[in-house]
Amino acid sequence: MLVINLLTDLAPSLAIAMREPTGTTSARLLEEGPHSSLSSALTHEVLHHGAATATGASPAWVAARLTGTARRAGTVSVAAVVGTHLVQTLTTGGTDHNVLVAGLGSAAVLAAII
Numbered sequence: 139m140l141v142i143n144l145l146t147d148l149a150p151s152l153a154i155a156m157r158e159p160t161g162t163t164s165a166r167l168l169e170e171g172p173h174s175s176l177s178s179a180l181t182h183e184v185l186h187h188g189a190a191t192a193t194g195a196s197p198a199w200v201a202a203r204l205t206g207t208a209r210r211a212g213t214v215s216v217a218a219v220v221g222t223h224l225v226q227t228l229t230t231g232g233t234d235h236n237v238l239v240a241g242l243g244s245a246a247v248l249a250a251i252i
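Right, here's the structure in full:
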C-alpha cells in the first residue's frame, strides 16, 4: 500500500496541486470560496477516479490470477492500480511539464520495482 501511495500521491499529486488553474483565474477561485470545489464537485471526482481505478485494476487482477500465482496477481494488481492512477493524473494535468515529469518518473520507478 505504501508503494501505491508513494508512486501515485507523492510527486504526481503534488505536481497537479501546484500547477496553475486552467480555464479560470486564481482571483476567481478565491471569490468562489472552498465550498464550490470541496462539496459535490470533489465527491464526483473521487467517485469517478475510484471507478476508473477499479475498472482498470480488477480485470487485471482476475486475468493474472487465472493465468498465474497469487503472488503474480498481486504484482499485476499493484501495477494496474498505479498505472490507472498515473493515466488519470496525466489526463488531468494535460501538457503541464511538472505533471508529465512526475507521472513518467513514477512509471519508471514502478517499472524498476517490478
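My numbering puts the first residue of the sequence shown at 139, with every later residue one more than the last.
Glycine is no exception: its CB is placed at the ideal position from the N, C-alpha and C atoms.
Looking at the backbone, the Cα of S244 and that of L224 are separated by about 8 Å. According to the DSSP assignment, E158 belongs to no alpha helix (DSSP H), since it is labelled neither H nor E. Under the DSSP assignment, L168 falls in the alpha helix (DSSP H) whose first and last residues are 164-170. Here L248 has L145, A217, V220 as same chain residues with Cβ atoms under 7 Å from its own Cβ, once five neighbours each way along the sequence are excluded.
In the three-state DSSP reduction, D234 falls in the coil class, being neither helix nor strand. For R209 and A192, the gap between their C-alpha atoms comes out near 19 Å.
Boundaries of the alpha helix (DSSP H) around L140: 140-143.
Between L242 and the set P150, A179, P197, V141, the nearest pair of CA atoms involves P150. If the five residues before and after T222 are omitted, its C-beta is found closer than 7 Å to the C-beta atoms of A190, T191, G194, A195, all from its own chain and listed in chain order.
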